[in-house]
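Numbering (my numbering), first residue to last: 8 to 375. Backbone N, C-alpha and C fix where the C-beta goes; we use that ideal spot for every residue, glycine too.
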Ligand SMILES: Cc1ncc(COP(=O)(O)O)c(C=O)c1O
């Protein structure tokens with residue numbers, strides 16, 4: 008059966024003459040890497056987040072890696088983060104030579120702030136909260152702890168462009184914010200891309216040098232760095248999508264509201280995403296917790312509705328984490344949630360009818 012409610016509709020988003028025209032113009036300039044489109048995007052993005060700087064890089068993973076590197080986090084250091092994120096969060100910590108120290112999450116799928124202090128040791132250098140699903144982590148609480156223990160805060164905002172707490176955008180709370188422009192994200196491009204935000208001039212300068220081999224001019228390097236430059240074509244696409252980001256985000260939020268209302272009478276079976284006053288969630292994913300998940304997935308799929316799980320296996324239960332000493336049972340909330348979570352389609356091309364159809368199907372499934 009062809010899918011009637013797709014998880015995402017990228018062809019619809021990217022199949023636009025005006026986008027092709029912008030990309031064609033950029034191709035004509037033969038400026039393919041960094042350059043004016045990247046600079047324009049950086050200015051646009053810094054404005055969006057109200058941060059002093061934004062730096063275009065080649066992925067969200069690299070944004071985290073470079074933020075850690077530029078802060079001097081490395082071998083022998085510990086970084087406190089969550090086990091329920093995409094593996095890239097912990098992967099970037101490992102890539103700088105540091106050790107991820109996981110703490111469990113709360114009902115909102117974000118770091119449980121009450122568990123951070125007990126996890127701090129003499130080796131702790133940074134806290135790396137994740138704004139999972141596009142819902143901001145409790146940044147005021149995290150910043151208080153970071154200040155008390157003199158720790159860096161690197162926000163993994165890969166899923167959360169435009170999310171905010173009381174009007175303050177994610178990526179502007181900590182020392183750095185790390186965003187992904189991956190095609191599946193709310194602010195997406197036609198390939199890999201990422202952006203790092205910061206208000207700290209020294210972190211920005213370091214990250215900027217690291218992004219381009221440490222080159223301070225055409226001929227000389229300050230130190231050895233990496234190649235993590237953003238392509239101009241991707242920046243052109245990012246600038247194009249950014250014009251619609253507010254509309255895209257509002258539509259996702261409306262869709263989430265509709266689901267919430269639709270699940271009101273199904274509370275026994277379906278737990279909708281928690282909402283917190285002042286927290287502006289952008290719904291990169293709309294995650295519910297459900298009973299009989301695998302059967303529900305099959306039922307939805309048989310009836311033309313695509314779903315996903317973010318993420319089925321928590322990071323601490325991945326093979327390389329055994330060597331770090333983690334095992335099943337370490338993070339009960341994360342592990343329980345991993346067995347119950349389900350991401351429903353929430354993209355901005357969904358029609359109200361499609362959302363009603365998904366709600367109806369889920370109702371039918373539990374009331375059969
Ligand atoms: C929470 C989180 N962190 C980091 C990343 C890594 O971003 P990228 O795929 O752009 O490297 C992702 C992207 O999937 C993510 O969802």
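For residue 260, the closest C-alpha among the options 90, 362 and 110 is that of 362. Distances from the CA of residue 153 to each of 173, 180, 166 and 169 were compared; the closest alpha carbon is that of 180.
In the DSSP assignment, residue 109 forms a beta bridge with 88. Residue 156 is positioned such that its CB atom lies closer than 9 Å to that of residue 131. Excluding its 5 nearest sequence neighbours in each direction, residue 220 has C-beta neighbours in its own chain below 8 Å: 228, 231, 232, 233 and 234, listed in chain order. With respect to the C-alpha of residue 96, the residue from 60, 164, 347 and 125 having the closest C-alpha is 164. Residue 75 holds the alpha-carbon nearest to the alpha-carbon of residue 107 among 121, 114, 138 and 75. With a cutoff of 8 Å, residue 181 does not count as near ligand 1, since its C-beta is closer than that to no heavy atom of the ligand. In this structure, residue 187 has its beta carbon less than 8 Å from a heavy atom of ligand 1. Beta-carbon to beta-carbon, residue 366 and residue 270 are separated by about 7 Å, close enough to satisfy the 8 Å threshold. From the listed residues 94, 90 and 53, the smallest Cα separation to residue 72 is found for 94. With respect to residue 356, residue 115 sits apart: the two C-beta atoms are not nearer than 9 Å.
The alpha-carbon separation between residue 127 and residue 77 amounts to approximately 21 Å. At least one heavy atom of ligand 1 is found less than 8 Å from the C-beta of residue 166.
As computed with DSSP, residue 315 is found in a beta bridge with 350. The Cβ-Cβ distance between residue 135 and residue 196 does not fall below 9 Å. Of the residues assessed, residue 23 falls on the exposed side of the cut-off, its CB having fewer than 16 other CB atoms within 10 angstroms. Across the structure, residue 292 and residue 129 are spaced so that their CA atoms are roughly 36 Å apart. Residues 56, 58, 61, 178 and 184 of the same chain have their beta carbon placed closer than 6 Å to that of residue 204, with the five preceding and five following residues left out of the count. One thing to note: residue 137 has its Cβ no nearer than 9 Å to the Cβ of residue 344. Between the C-alpha atoms of residue 191 and residue 290 there is a straight-line separation of about 12 Å. For residue 148, the enclosing alpha helix (DSSP H) covers residues 146 to 156.
Boundaries of the alpha helix (DSSP H) harbouring residue 49: 43 to 56, taken from the DSSP string. In the structure shown, the three-state DSSP call for residue 94 is coil. Beyond the five residues adjoining it in sequence on each side, residue 286 comes within less than 6 Å, by CB distance, of 143 and 172 in the same chain, given in chain order. Taking every protein chain shown into account, the CB of residue 328 has 16 or more other CB atoms within 10 angstroms, so this residue is buried. The DSSP assignment places complete alpha helix (DSSP H) segments of no fewer than 4 residues inside the segment 193 to 258 at 208 to 218 and 239 to 249, in order along the chain.
Each of 34, 92 and 63 was checked against the Cα of residue 317, and the nearest Cα belongs to 92. Looking at the DSSP output, residue 176 sits in a beta bridge with 171.
Note that the C-beta distance between residue 294 and residue 350 is below 9 Å.
Considering only 40, 194, 27 and 238, the residue with the shortest C-alpha distance to residue 354 is 194. Ligand 1 has a heavy atom closer than 8 Å to the beta-carbon of residue 95. According to the DSSP assignment, residue 126 belongs to no beta strand (DSSP E) but to the alpha helix (DSSP H) extending over 123 to 126. Bounds of the beta strand (DSSP E) holding residue 183 are 183 to 187.
For residue 275, there is no enclosing beta strand (DSSP E), as DSSP marks it with neither H nor E. For residue 66, the Cβ falls inside the 8 Å cut-off from some heavy atom of ligand 1.
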